[in-house]
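Peer 1:
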Amino acid sequence: MLQMSARPQAASIRHAFSIDGITHVVRARDGRNLTILDGVDLEIREGEFVSIVGTSGCGKSTLLNLASGLLKPSSGSVRVFGDRLAGLDSRIGYMFQVDALLPWRTVQHNVGMGLELAGVPRAERNQRTAAILAELGLAGFEKHYPSELSGGMRQRASLARTWVTNPEIILMDEPFGALDSQTRLLIQDSFLAFWERHRKTVVLVTHDLGEAIAMSDRVVVMSARPGRIKTIIPIDLPRPRRLEETHREPKYNEYWQMLWQHLKEEANQAMQGL
Numbered sequence: 585m586l587q588m589s590a591r592p593q594a595a596s597i598r599h600a601f602s603i604d605g606i607t608h609v610v611r612a613r614d615g616r617n618l619t620i621l622d623g624v625d626l627e628i629r630e631g632e633f634v635s636i637v638g639t640s641g642c643g644k645s646t647l648l649n650l651a652s653g654l655l656k657p658s659s660g661s662v663r664v665f666g667d668r669l670a671g672l673d674s675r676i677g678y679m680f681q682v683d684a685l686l687p688w689r690t691v692q693h694n695v696g697m698g699l700e701l702a703g704v705p706r707a708e709r710n711q712r713t714a715a716i717l718a719e720l721g722l723a724g725f726e727k728h729y730p731s732e733l734s735g736g737m738r739q740r741a742s743l744a745r746t747w748v749t750n751p752e753i754i755l756m757d758e759p760f761g762a763l764d765s766q767t768r769l770l771i772q773d774s775f776l777a778f779w780e781r782h783r784k785t786v787v788l789v790t791h792d793l794g795e796a797i798a799m800s801d802r803v804v805v806m807s808a809r810p811g812r813i814k815t816i817i818p819i820d821l822p823r824p825r826r827l828e829e830t831h832r833e834p835k836y837n838e839y840w841q842m843l844w845q846h847l848k849e850e851a852n853q854a855m856q857g858l
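In the numbering used here, the protein residues as written are 585 to 858.
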């Protein structure tokens, strides 16, 4: 049987994120206060890959928006490498559900936009964008426009735009959810190989339990709204990983069943509250 206890942590481990007592309340249309998140505590180690799963409406994306500095919590705090977050932080990159590529800019100019805004000289921008596009299999498409790319290529371009600025933390909100199943598997494998080479801190929000298991060091399960952390499951599978091989690991099905049992309980509770 799988053990739920976390692995022992050395005192020297550096935390990329410390989320302390985050509560977030919004005003509903009828004037009532609606608690989206309630007392969330979470620490994420530098270089760790963590996925967050939960039922729809439990506050997963809200938590990501709070962690990025896009939203300010009603109470509690977020610290990035020990510094209290008080707005957008250049150490954090954010990849959204949709690619949001600008249709009037080429792939090269879309990917290099963050570098351009940061004042990076053109020659260096071109060099860095060319390198990242080649690493993600988009060499030769620099001059293409988004409308000329497949969905998978657009997502890779979006990923390149996030990574080219070299952030220390990557936040990802369902980045592969809109892709067809075959393309999604290929992009997941490509991204996982890319992460293995660079080992940035990644926080991934996903509805796909297989994706969470295959990619992550730990999976955070959130309760139904108001969102709280129900449990955290360490994923003890060998790295480097390829999805096809990971799905055949005996532990994979055990992890899937464990996560599904937690989510089913929360989904039933959410439906009873309708």
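The C-beta atom is built at its ideal place from N, Cα and C for all residues, glycine as well.
1. Over the uninterrupted beta strand (DSSP E) stretch that includes residue 601, give me the two end residues.
2. What residue range is occupied by the uninterrupted beta strand (DSSP E) comprising residue 814?
3. What is the rounded straight-line gap between the Cα of residue 614 and the Cα of residue 620?
4. For a test of the three-state rule: what should DSSP assign to residue 648, helix, strand or coil?
5. Anyone know if the C-beta pair for residue 662 and residue 802 falls short of 8 Å?
6. Who are residue 852's beta bridge partners in DSSP?
7. What's the call for residue 694, buried or exposed, on a 16-neighbour Cβ count within 10 Å?
8. Whole angstroms are fine: how far does the CA of residue 731 sit from the CA of residue 799?
9. Quick check on residue 830: does DSSP put it in helix, strand or coil?
10. Please state if the CB of residue 773 and the CB of residue 740 are separated by a distance shorter than 8 Å.
11. If you compare alpha carbons, which of 766, 749 and 843 is closest to residue 794?
12. Okay, do the stretch 652 to 662 and the stretch 719 to 734 touch, 3+ Cβ pairs below 8 Å being the bar?
13. Quick one: Cα of residue 591 to Cα of residue 685, how far?
14. Do three or more CB pairs link the stretch 809 to 822 to the stretch 640 to 651 at distances below 8 Å?
15. Under 8 Å, do residue 697 and residue 756 count as touching if we go by C-beta distance?
16. Would you kindly work out how many angstroms separate the C-alpha atoms of residue 729 and residue 790, rounded to a whole number?
17. Taking the straight line between their C-alpha atoms, what separation do you get for residue 749 and residue 713?
18. Mind pulling the alpha helix (DSSP H) runs of 4 or more residues that sit fully within the stretch 678 to 726?
19. Ordered along the chain, which non-local residues of its own chain (more than five positions away) have a Cβ less than 6 Å from that of residue 674?
Peer 2: So, from the listed chains and residues:
1. Indexing the sequence shown from 1 puts residue 601 at position 17. Here the beta strand (DSSP E) through residue 601 covers 599 to 611.
2. By 1-based counting over the sequence shown, the position of residue 814 is 230. That run of the beta strand (DSSP E) goes 813 to 818.
3. Here residue 614 refers to the residue found at position 30 when the sequence shown is read from its first residue. Here residue 620 refers to the residue found at position 36 when the sequence shown is read from its first residue. C-alpha separation (whole angstroms): 16 Å.
4. Reading the sequence shown from its first residue, position 64 is the one you call residue 648. Of the three classes helix, strand and coil, the one that applies to residue 648 here is helix, per DSSP.
5. Your numbering for residue 662 matches position 78 in the sequence shown. Your numbering for residue 802 matches position 218 in the sequence shown. No, the pair does not count as a contact, with Cβ atoms beyond the cut-off.
6. Numbered from 1 along the sequence shown, position 268 holds the residue referred to as residue 852. Paired residue(s): none; residue 852 is not in a bridge.
7. Indexing the sequence shown from 1 puts residue 694 at position 110. Buried, since its Cβ has 16 or more Cβ neighbours within 10 Å.
8. Residue numbering aside, residue 799 sits at position 215 when the sequence shown is read from its first letter. Residue numbering aside, residue 731 sits at position 147 when the sequence shown is read from its first letter. The straight-line gap from Cα to Cα measures roughly 30 Å.
9. Within the sequence shown, numbered from 1, the residue matching residue 830 stands at position 246. Helix, per DSSP.
10. Looking up residue 740 in the sequence shown gives position 156. Looking up residue 773 in the sequence shown gives position 189. In this structure, residue 773 does not lie closer than 8 Å to residue 740 by Cβ.
11. What you label residue 794 is simply residue 210 of the sequence shown in a count that begins at 1. Nearest option by C-alpha distance: 843.
12. no
13. Indexing the sequence shown from 1 puts residue 591 at position 7. Indexing the sequence shown from 1 puts residue 685 at position 101. Its pLDDT being 45, under 50, residue 591 is placed unreliably in this model, and the value from its coordinates should be taken loosely. Answer to the nearest angstrom: the Cα atoms are 40 Å apart.
14. yes
15. Counted from its first residue, the sequence shown places residue 697 at position 113. Counted from its first residue, the sequence shown places residue 756 at position 172. No, the Cβ-Cβ distance between residue 697 and residue 756 is not below 8 Å.
16. Residue numbering aside, residue 729 sits at position 145 when the sequence shown is read from its first letter. Residue numbering aside, residue 790 sits at position 206 when the sequence shown is read from its first letter. Rounded to the nearest angstrom, the two C-alpha atoms are 28 Å apart.
17. The sequence position of residue 749 within the sequence shown is 165, counting from 1. The sequence position of residue 713 within the sequence shown is 129, counting from 1. Cα-Cα distance, rounded: 9 Å.
18. 691 to 695, 697 to 701 and 706 to 719
19. Taking the first residue of the sequence shown as position 1, residue 674 is located at position 90. Cβ neighbours of residue 674 beyond the five flanking positions: none.
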